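To start, the structure under review is shown below, and the notes come after it.
Number of protein chains: 2
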Amino acid sequence: MRPTIKDLSKALGLSVSTISKALNGYEDVSPETKELVIKTAKDLGYHPSSIARNLRLKANDKIGIIHPLKSFESEVFVGFFRGLTMAAQKLGYNLVLYTTPFKQADALRNICRSHEVRGMILLGLSLSGMLEETIVILEEEQLPFVVLGHPVKLANTQELNFIASDNRSGVLSAMQHLLAQGHRKIAYIGRAQDRENNYERFLAYQEALNEAGISFRLDLVVDAPYHAYSGREAMKKLLSLEDLPTAVLAFNDHIAVDAAQEVLEKQLRIPQDVAFVGFGDIPYARMSFPPMTTVKVPLREMGEVAVGVLLELTLPPHPNMSKTFPTQLIIRSSS
Amino acid sequence: MRPTIKDLSKALGLSVSTISKALNGYEDVSPETKELVIKTAKDLGYHPSSIARNLRLKANDKIGIIHPLKSFESEVFVGFFRGLTMAAQKLGYNLVLYTTPFKQADALRNICRSHEVRGMILLGLSLSGMLEETIVILEEEQLPFVVLGHPVKLANTQELNFIASDNRSGVLSAMQHLLAQGHRKIAYIGRAQDRENNYERFLAYQEALNEAGISFRLDLVVDAPYHAYSGREAMKKLLSLEDLPTAVLAFNDHIAVDAAQEVLEKQLRIPQDVAFVGFGDIPYARMSFPPMTTVKVPLREMGEVAVGVLLELTLPPHPNMSKTFPTQLIIRSSS
DNA sequence: TGAATGCTCTAAATCGTTTTAGATAGCGCA
DNA sequence: TGCGCTATCTAAAACGATTTAGAGCATTCA
Numbered sequence: 000m001r002p003t004i005k006d007l008s009k010a011l012g013l014s015v016s017t018i019s020k021a022l023n024g025y026e027d028v029s030p031e032t033k034e035l036v037i038k039t040a041k042d043l044g045y046h047p048s049s050i051a052r053n054l055r056l057k058a059n060d061k062i063g064i065i066h067p068l069k070s071f072e073s074e075v076f077v078g079f080f081r082g083l084t085m086a087a088q089k090l091g092y093n094l095v096l097y098t099t100p101f102k103q104a105d106a107l108r109n110i111c112r113s114h115e116v117r118g119m120i121l122l123g124l125s126l127s128g129m130l131e132e133t134i135v136i137l138e139e140e141q142l143p144f145v146v147l148g149h150p151v152k153l154a155n156t157q158e159l160n161f162i163a164s165d166n167r168s169g170v171l172s173a174m175q176h177l178l179a180q181g182h183r184k185i186a187y188i189g190r191a192q193d194r195e196n197n198y199e200r201f202l203a204y205q206e207a208l209n210e211a212g213i214s215f216r217l218d219l220v221v222d223a224p225y226h227a228y229s230g231r232e233a234m235k236k237l238l239s240l241e242d243l244p245t246a247v248l249a250f251n252d253h254i255a256v257d258a259a260q261e262v263l264e265k266q267l268r269i270p271q272d273v274a275f276v277g278f279g280d281i282p283y284a285r286m287s288f289p290p291m292t293t294v295k296v297p298l299r300e301m302g303e304v305a306v307g308v309l310l311e312l313t314l315p316p317h318p319n320m321s322k323t324f325p326t327q328l329i330i331r332s333s334s
Numbered sequence: 000m001r002p003t004i005k006d007l008s009k010a011l012g013l014s015v016s017t018i019s020k021a022l023n024g025y026e027d028v029s030p031e032t033k034e035l036v037i038k039t040a041k042d043l044g045y046h047p048s049s050i051a052r053n054l055r056l057k058a059n060d061k062i063g064i065i066h067p068l069k070s071f072e073s074e075v076f077v078g079f080f081r082g083l084t085m086a087a088q089k090l091g092y093n094l095v096l097y098t099t100p101f102k103q104a105d106a107l108r109n110i111c112r113s114h115e116v117r118g119m120i121l122l123g124l125s126l127s128g129m130l131e132e133t134i135v136i137l138e139e140e141q142l143p144f145v146v147l148g149h150p151v152k153l154a155n156t157q158e159l160n161f162i163a164s165d166n167r168s169g170v171l172s173a174m175q176h177l178l179a180q181g182h183r184k185i186a187y188i189g190r191a192q193d194r195e196n197n198y199e200r201f202l203a204y205q206e207a208l209n210e211a212g213i214s215f216r217l218d219l220v221v222d223a224p225y226h227a228y229s230g231r232e233a234m235k236k237l238l239s240l241e242d243l244p245t246a247v248l249a250f251n252d253h254i255a256v257d258a259a260q261e262v263l264e265k266q267l268r269i270p271q272d273v274a275f276v277g278f279g280d281i282p283y284a285r286m287s288f289p290p291m292t293t294v295k296v297p298l299r300e301m302g303e304v305a306v307g308v309l310l311e312l313t314l315p316p317h318p319n320m321s322k323t324f325p326t327q328l329i330i331r332s333s334s
């Protein structure tokens, strides 16, 4: 069995409290004792039990992440994770992954009350419809949390803290890029009916068309559900039109790269026949052929900031700390 | 403040121990009392503190993962994470991410002794040279662990448990595929000097050449260090040779796709001028252009099995449980 | 000399559970 | 009536730390 503070106390003939104080830098321990305790602790290989400490202090060095099972399917989420781990590592915290769906409905309450994490970061819950439910519980339990990845505006809740990208300006810059190249028939592949990122990007697409005096064509908007081949399927629909688009703006890079594949296989050229712009700048946007023009979203930075904001939330007072990150158009050879 | 078991005890006029027993299905509590306690617990929103339980029971529902900061850069690791989260979720465990490098050298000892995880899964530590050091500590602390992703054979340690892919048969099948197409000048891009996966794959490459009666050409082997563009750089070297290779076997898909890009930009055709085979079958092997022929490694399954093996290790006795997973050649249009 | 002060140290409570050992009461039976 | 048995409940210790309140002792000052 590993030595506890009691073993150390016995070994030195000192009280448990003196040991604890010596180890935690209290003033009322003589320098000699302090030194002796530290040395003996090292010799015996003593390390305090973080579980016991947490119980006593109601504190901990962990940050929870609530995320759906499929998080690791998406390069975007992986980008967030990159930032989350970096920030956590830098600040001395560890990440605990709580993968939804939870077994029981109140497993989350359990976690909240057990003081095992300092707060929660919510990732990708909106797709599975878990977001609202989760937020209600977290607010009731008064556990700080941050929503990472998209804007969120809910009725019946306090003001929420979220970390999102500036979808509007991102799409506008992408559209301006395409418009400047003379494109007038620009298709959009992505969900139009959803909320959050989907909605904001689609809205901005329409706004850009409007601004340019181009009338919106419903047949140039194709829905792309969340699965691996939705880009190709959408592109097939677009290529079957009478009046073909000359450019495609996709909701994300994954869809864009997938759609581009379909175009290449049909022996069409990119960007001469169809130009492409994605969204996100995931690593493979650059690895794809041709390299994909895209709107860069600072995924890693957003993850890092999420951790920072969460930790600030743990120290009241905390005004709303939502942050929207600027995006940047990265022009590659697909457009 | 959240209700504790004491609050419940006061509210019901029953002793703390009765509450605890009622909630934990003991036999010496009357059915009526049991029902009442459960109902009241629900009404008051009582949930036991997992921290306190863990302290008392010296148990927990967490599995630790020690991994380098750059894990999320690699699709291979992300594939492992996919399996890890799936298995953990299914079995009711949560994952705790310990991102190396640790602050202090003995932070790991700390974790081991605090009983905060049931065991550790080691991911990608060999690259940073942390593997041996970590293993020594884990063995000293007697915390069960599993190495995921590559074979490992260390001196001075007990027999280790690892989860790896069958590199040899994977490379042999890839080489047979290329040889069957008549390729004789097959290049290899990857690290030849390293241990583990690198070494095994390179060895199998040589073995296949040997078997086919083709003499090994040193100029057809190009080192590819671990960074984003190493595939392109290696390919540049290969394309500057007098006697060009007609096929390329890459250490992994990332390198293969990157190298293929270079070929395409030089206006060469794939697979007519140069055929490609990767290793791993990460998602973008299929998304790349042209879709990449590759050796599929069951990343997700390996992650799942790692969790299973680790949990078995926590219940003695445990013989060596290393597992090597079969691979599968997936032929796409790059070859 | 006596009181006050300062320096170390310790006892004991506490965090929220689980579990062992024992208490109490009711009941049947001789 | 008294004994033993069963069914139900409780007291208290334990897990491993931190922290408050106070004890003991030497020194200093009036």
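Going line by line, the protein sequences match chains A and B.
Per numbering that gives the first Met the number 0: the first sequence ends with 334, consecutive numbering throughout.
Per numbering that gives the first Met the number 0: the second sequence ends with 334, consecutive numbering throughout.
Idealized CB from N, CA, C, for every residue including glycine.
Since this is a predicted model, take the numbers as computed values, not measurements.
If you draw a straight line from the alpha carbon of A258 (chain B) to that of T323 (chain B), how long is it in whole angstroms?
Position 259 of the second sequence, counting from 1, holds the residue named residue 258 (chain B). Position 324 of the second sequence, counting from 1, holds the residue named residue 323 (chain B). Distance between the alpha carbons of A258 (chain B) and T323 (chain B) is about 28 Å.
Extent of the continuous alpha helix (DSSP H) run through F76 (chain A):
Along the first sequence, one-based indexing puts residue 76 (chain A) at 77. Element bounds for F76 (chain A): E74 to L90.
Are the C-beta atoms of H226 (chain B) and some chain A residue less than 8 Å apart?
Within the second sequence, residue 226 (chain B) is the residue found at index 227, counting from 1. Chain A contact via Cβ: absent.
Check distances from the C-beta atoms of the region 239 to 273 of chain B to those of chain A and list, in chain order, the residues that come in under 7 Å.
Here the close residues are V256, D257, Q260 and L263.
Residue(s) in a DSSP beta bridge with Y97 (chain B):
Here residue 97 (chain B) is taken as the residue at index 98 of the second sequence, counted from 1. Under DSSP, Y97 (chain B) forms a beta bridge with B:I65.
Please go through the region 11 to 69 of chain A and give each complete beta strand (DSSP E) segment of 3 or more residues, from N-terminal end onward.
Given a length threshold of 3 residues, each whole run of the beta strand (DSSP E) inside the region 11 to 69 of chain A is given here in chain order: 61 to 67.
Excluding the five sequence neighbours on either side, which residues of its own chain have a C-beta within less than 7 Å of the C-beta of R231 (chain B), listed in chain order?
Numbered from its first residue, the second sequence carries residue 231 (chain B) at position 232. Only D257, A258, Q260 and E261 meet the Cβ criterion.
Stretch pair the region 196 to 209 of chain B + the region 153 to 169 of chain B: three plus CB contacts closer than 8 Å:
Cβ pair count under 8 Å is three or more, so yes.
With 16 as the cutoff for other CB atoms within 10 Å, does P224 (chain B) come out buried or exposed?
Along the second sequence, read from residue 1 onward, the residue named residue 224 (chain B) stands at position 225. With fewer than 16 other Cβ atoms within 10 Å, it is exposed.
To the nearest angstrom, how far is the alpha carbon of L121 (chain B) from that of L147 (chain B)?
As a position in the second sequence, residue 121 (chain B) is number 122, starting the count at 1. As a position in the second sequence, residue 147 (chain B) is number 148, starting the count at 1. Answer to the nearest angstrom: the Cα atoms are 6 Å apart.
On the criterion of 16 or more Cβ atoms from any shown chain inside 10 Å, does G128 (chain B) qualify as buried, or is it exposed?
Within the second sequence, numbered from 1, the residue matching residue 128 (chain B) stands at position 129. Here G128 (chain B) is exposed. Its C-beta has fewer than 16 other C-beta atoms within 10 Å.
Can you list the residues of chain B that N93 (chain A) reaches, using a CB-CB cut of under 7 Å?
Within the first sequence, numbered from 1, the residue matching residue 93 (chain A) stands at position 94. Within chain B, the residues near N93 (chain A) are V95, L96 and Y97.
Measuring only the C-alpha atoms, how far is I329 (chain A) from I162 (chain A)?
Here residue 329 (chain A) refers to the residue found at position 330 when the first sequence is read from its first residue. Here residue 162 (chain A) refers to the residue found at position 163 when the first sequence is read from its first residue. When rounded, the distance between both Cα atoms is 22 Å.
Comparing the C-beta of T133 (chain B) with each C-beta of chain A, is any distance below 8 Å?
Taking the second sequence and counting its residues from 1, one reaches residue 133 (chain B) at position 134. It does not; no Cβ of chain A falls within 8 Å.
How about Q327 (chain A): is its C-beta nearer than 8 Å to some C-beta of chain B?
Within the first sequence, the letter at position 328 stands for residue 327 (chain A). No, because no Cβ of chain B sits closer than 8 Å to the Cβ of Q327 (chain A).
L312 (chain B): first and last residue of the uninterrupted beta strand (DSSP E) it sits in
As a first step, residue 312 (chain B) is located in the second sequence; it is residue number 313 there, counting from the start. Premise fails: L312 (chain B) lies in the alpha helix (DSSP H), L298 to L312, not in any beta strand (DSSP E).
Residue range of the alpha helix (DSSP H) that I213 (chain A) falls in?
Mapped onto the first sequence, residue 213 (chain A) falls at position 214. Neither: I213 (chain A) is in no alpha helix (DSSP H) and is coded neither H nor E.
Could you name the residues of the same chain whose beta carbon sits closer than 6 Å to that of P289 (chain A), not counting the 5 residues immediately before and after it, in chain order?
Within the first sequence, residue 289 (chain A) is the residue found at index 290, counting from 1. These residues qualify, in order along the chain: I269, S332 and S333.
Just by C-beta distance, which residues in the region 21 to 51 of chain B are closer than 8 Å to chain A?
Of all residues in the region 21 to 51 of chain B, G44, H46, P47, S48, S49, I50 and A51 have a Cβ within less than 8 Å of some Cβ in chain A.
Can you find a CB in chain A that lies within less than 8 Å of the CB of E158 (chain B)?
Taking the second sequence and counting its residues from 1, one reaches residue 158 (chain B) at position 159. Proximity of E158 (chain B) to chain A, defined by a Cβ-Cβ separation below 8 Å, is not satisfied.
Start and end residues, alpha helix (DSSP H) containing Y283 (chain A)
As a first step, residue 283 (chain A) must be located in the first sequence, where it is residue number 284. Y283 (chain A) -> alpha helix (DSSP H) spans P282 to M286.
Show which residues of chain A have a CB atom less than 9 Å away from the CB atom of T293 (chain B).
Residue mapping note: residue 293 (chain B) aligns to position 294 of the second sequence, counting from 1. By Cβ distance, chain A contributes nothing, its closest Cβ being about 14 Å from T293 (chain B), past 9 Å.
Do you know whose CA, among A:V145, A:P47 and A:A87, lies nearest I4 (chain A)'s CA?
Along the first sequence, read from residue 1 onward, the residue named residue 4 (chain A) stands at position 5. Ranking A:V145, A:P47 and A:A87 by CA distance to the CA of I4 (chain A) puts A:P47 first.
Cβ pair I185 (chain B), A246 (chain B) closer than 8 Å:
Here residue 185 (chain B) corresponds to residue number 186 of the second sequence, with the count starting at 1. Here residue 246 (chain B) corresponds to residue number 247 of the second sequence, with the count starting at 1. Yes.
Starting from the beta carbon of E115 (chain B), find every residue of chain A whose beta carbon is closer than 8 Å, and list them in chain order.
Reading the second sequence from its first residue, position 116 is the one you call residue 115 (chain B). Per Cβ cutoff of 8 Å: S49 and I50.
Contact residues within the region 198 to 223 of chain B, judged by C-beta distance below 9 Å to chain A
Those residues of the region 198 to 223 of chain B that come within reach of chain A (Cβ to Cβ, closer than 9 Å) do not exist; the list is empty.
Could you tell me which uninterrupted beta strand (DSSP E) segments, each at least 3 residues in length, are contained entirely in the region 104 to 166 of chain B, listed from first to last along the chain?
Qualifying beta strand (DSSP E) stretches, in chain order: 119 to 122, 144 to 147 and 161 to 164.
Let's see if you can read the secondary structure: which residues bound the alpha helix (DSSP H) around A191 (chain B)?
Within the second sequence, the letter at position 192 stands for residue 191 (chain B). No alpha helix (DSSP H) holds A191 (chain B); DSSP gives it neither H nor E.
Using a 10 Å radius around the Cβ and a threshold of 16 neighbouring Cβ atoms, would you call H253 (chain A) buried or exposed?
Indexing the first sequence from 1 puts residue 253 (chain A) at position 254. Buried.
Going by other Cβ atoms of all chains shown within 10 Å of its Cβ, with 16 needed for buried, is K61 (chain A) buried or exposed?
Reading the first sequence from its first residue, position 62 is the one you call residue 61 (chain A). Buried, because 16 or more other Cβ atoms sit within 10 Å of the Cβ of K61 (chain A).
In chain B, which residues lie with their C-beta within 8 Å of the C-beta of L54 (chain A)?
On the first sequence, residue 54 (chain A) is found 55 positions in, with the first residue counted as 1. Those within 8 Å of L54 (chain A) in chain B are S48, I50, A51 and L54.
Could you check if F76 (chain A) is buried or exposed, using at least 16 other CB atoms within 10 Å of its CB as the buried criterion?
Position 77 of the first sequence holds residue 76 (chain A). With at least 16 other beta carbons inside 10 angstroms of its own, F76 (chain A) counts as buried.
Cβ closer than 8 Å: which chain A residues qualify as neighbours of T84 (chain B)?
The sequence position of residue 84 (chain B) within the second sequence is 85, counting from 1. Result: L68, S70, F71, L96 and T98.
Step through the CB atoms of chain B and report whether any lies within less than 8 Å of the CB of M301 (chain A).
As a first step, residue 301 (chain A) must be located in the first sequence, where it is residue number 302. No, no contact with chain B.
Whether P67 (chain A) touches L309 (chain A) by CB criterion (8 Å):
Position 68 of the first sequence holds residue 67 (chain A). Position 310 of the first sequence holds residue 309 (chain A). With a cutoff of 8 Å on beta-carbon distance, P67 (chain A) and L309 (chain A) are scored as not near each other.
Does the structure place the region 208 to 223 of chain A close enough to the region 233 to 249 of chain A that three or more beta carbon pairs sit under 8 Å?
Three or more beta-carbon pairs drawn from the region 233 to 249 of chain A and the region 208 to 223 of chain A are found closer than 8 Å, and the two stretches are therefore classed as touching.
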